[in-house]
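With positions in the sequence shown counted from 1, the corresponding number in my numbering is that position plus 128.
Beta carbons are placed, not taken as given, at the ideal position from N, Cα and C, and that holds for glycine.
Just below is one structure, and these are the notes that go with it.
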Amino acid sequence: MRAGTKGGLNMQAIEGDQDHRQQPRRRPRPGYALVFVLLLLLAGHAWLTGQAWAQTGSSSTDGTLPPPGDTIVPVSAQVRLAHMAPFASNTLLNVTLSGSNSIYQFLNLELGDFTSGYVGLSPGTVTVQVIPQVVPSFTVTETLALPTSYTGAIVGGSNGWPLEMLWLVDETGTPPAGLGKIRVVHVAPFANTSAGTRLHVRTQGGQVIDPSLENLEYRDESGFLTLPVGSYDWRVLQAGDNSTWLDLPPFNLLPGAVLTLWLMGDGINQPPVSRLLVSQGGGGTLLYFPIIFGNSS
């Protein structure tokens, strides 16, 4: 299988327990590799049911190998991962996402990274194992509804907040003509109480944009807000004294676009920052399926 890296290509395999003893080296025979690949493609999917996929960093792509004479039918739930946890100055971590017959591995994610698209998962319980480089790892299970698209965000790890998962439902209807959608997700644990993390998202002049963007606390999301297309310039204020917590860069809301604005940082390990994710329109939504390998019987 292929896996992209920030510096090129990286090969990563996940194939269960196998015999890794070295075998005597034999001289390759011309054409044998091609014959093997053709036989693999023609073998049918009765035994090609185990699934694995790997990605390094936040911007790789991957191919798809459908069963012979067939197409891959979209599976029940789609999951995108987001790393929003300011748990240390070094935020590198690896994530393994597994379902009943699929395993996906994402390597070297940093604060603010998203996986480059959704991965498909079979019905049943999903297990997420998060392995940071500098703090203890954790494993959680989640039952995801279907058919639904989710973002699983890794959050917390600072100011007394645990390192954990926050699940968001990404499903939302297409905006009407001339409109777009945006939601705000507050994943900045900059205080040790929920009340201490309250924020307002307002215009540069301090005007209220919508009640859903007022008094957002850590782990809150505003829900999708439908707005006219155009340019927007907002800032984030701390509730109480209305001091500026973060001056957001201007952004454009295009026709039919669906955006998610993430607010992150803890003020200790990582400063306040924002991340704008375009999940529809202005680039589209990417859906990845696992490469098929091996025999699960």
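Counting along the chain, Asn222 sits inside the beta strand (DSSP E) bounded by residues 221-226. Across the structure, Val386 and Ala305 are spaced so that their CA atoms are roughly 13 Å apart. Cβ contact annotation for Asp338 (same chain, cutoff 6 Å, sequence separation greater than five): Leu353, in chain order.
Excluding residues up to 5 positions away in sequence, Asn397, Gln398 lie with their Cβ nearer than 8 Å to the Cβ of Ser217 in the same chain.
Counting C-beta atoms within 10 angstroms of its own C-beta, Gly334 has fewer than 16 neighbours from the protein chains shown and is therefore classed as exposed. Membership of Ile259 in the beta strand (DSSP E) is indicated by the continuous run 253-260.
Secondary structure note for Met392: its beta strand (DSSP E) is the uninterrupted segment 386-392.
Cβ-Cβ distances below 8 Å link His314 to Thr325, Leu327, Leu344, Glu345, Tyr346, Arg347, Asp348, Glu349, Leu391 in the same chain, with the five nearest sequence neighbours on each side left out; the list follows chain order. Nearest to Val268 by alpha-carbon distance, out of Ser250, Leu382, Gly368, Val223, is Val223. A Cβ-Cβ distance of about 19 Å is found for the pair Val254 and Leu235, leaving them out of contact under the 8 Å criterion.
The stretch 361-371 and the stretch 280-293 do not touch, with fewer than three beta-carbon pairs separated by less than 8 Å.
With contacts defined as CB atoms closer than 8 Å, Pro214 and Asp394 qualify as a contacting pair.
In the three-state reduction of the DSSP assignment, Gly280 falls in the strand class, which pools E and B.
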